[in-house]
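Structure, as structure tokens:
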């Protein structure tokens, strides 16, 4: 359920995106489906409260940021940006400079990128795209692994992969970095770092989370 200020956005823009863009997320696996997009929009607008930004630009960045994940997961940020940029309908709502801002922010959102996002929009969406709960982190990794890594063909292998991935991403020296203040992410990272210290307890949480969802 959305809790961003939908009523303050351009009504026609929202209508276009909800009817034409959001349905395309049905092509992605569960970790990058429309529920993820709504979660990121909510989080992005929560972060953006402290900044003077154009909320229609921010909304559009998030709406398109993972649209190409089913096409090529490894290059999805570039392809998603291109899909947005080639969408001629958006010229109704944004000028050339604004479309470039949206494009760059989509390209810059990926957690594994070593480059600092080029604008405040890229920084906000990069931060908002991070997990905020253990449940989300576990389930997104679980569904991603099930779809893209068939070699992890037993529960034990999948659980090992979840531990490995979340350690690499959110551990003490994890690659997931943010370039803007986000207290919710800071709290989440403290929680997951503590849990990762005990592999047996981590596995218990993973098993319980998956059992109660799948």
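Numbering (our numbering), first residue to last: 76 to 289.
All C-beta atoms in this analysis are idealised placements derived from N, C-alpha and C, irrespective of residue type, glycine included.
Pair within 9 Å by beta-carbon distance, residue 209 and residue 253: For the purposes of this step, residue 209 is identified with residue 134 of the chain shown, where counting begins at 1. For the purposes of this step, residue 253 is identified with residue 178 of the chain shown, where counting begins at 1. The Cβ-Cβ distance between residue 209 and residue 253 does not fall below 9 Å.
Do the CB positions of residue 113 and residue 76 come within less than 9 Å of each other? Numbered from its first residue, the chain shown carries residue 113 at position 38. Numbered from its first residue, the chain shown carries residue 76 at position 1. In this structure, residue 76 lies closer than 9 Å to residue 113 by Cβ.
Which residue marks the beginning of the alpha helix (DSSP H) containing residue 270, and which one marks its end? Residue mapping note: residue 270 aligns to position 195 of the chain shown, counting from 1. Run containing residue 270: 258 to 271, per the alpha helix (DSSP H) assignment.
Does DSSP put residue 133 in a helix, a strand or coil? Numbered from 1 along the chain shown, position 58 holds the residue referred to as residue 133. Helix, per DSSP.
Please identify the residue among 255, 232, 167 whose C-alpha is closest to the C-alpha of residue 87. Residue 87 sits at position 12 when you count from the first residue of the chain shown. Among 255, 232, 167, the Cα nearest to that of residue 87 is on 167.
When you compare only the Cα positions, how much space is there between residue 123 and residue 271? Taking the first residue of the chain shown as position 1, residue 123 is located at position 48. Taking the first residue of the chain shown as position 1, residue 271 is located at position 196. If you draw a straight line from the Cα of residue 123 to the Cα of residue 271, it is about 30 Å long.
Count the other CB atoms, across all protein chains shown, that sit within 10 Å of the CB of residue 288; report buried if there are 16 or more and exposed otherwise. Sequence index remark: in the chain shown, residue 288 carries index 213 (1-based). Burial is judged here by how many other beta carbons sit within 10 angstroms of a residue's own beta carbon; residue 288 has fewer than 16 and is exposed.
Can the beta-carbon of residue 257 be found less than 9 Å from the beta-carbon of residue 203? Indexing the chain shown from 1 puts residue 257 at position 182. Indexing the chain shown from 1 puts residue 203 at position 128. In contact: residue 257 and residue 203 (Cβ atoms closer than 9 Å).
Tell me which residues share the same chain as residue 240 and place their Cβ nearer than 7 Å to its Cβ, disregarding the 5 neighbours each side in the sequence. Taking the chain shown and counting its residues from 1, the one referred to as residue 240 is at position 165. Counting only Cβ-Cβ distances below 7 Å, and skipping sequence neighbours, we find 216.
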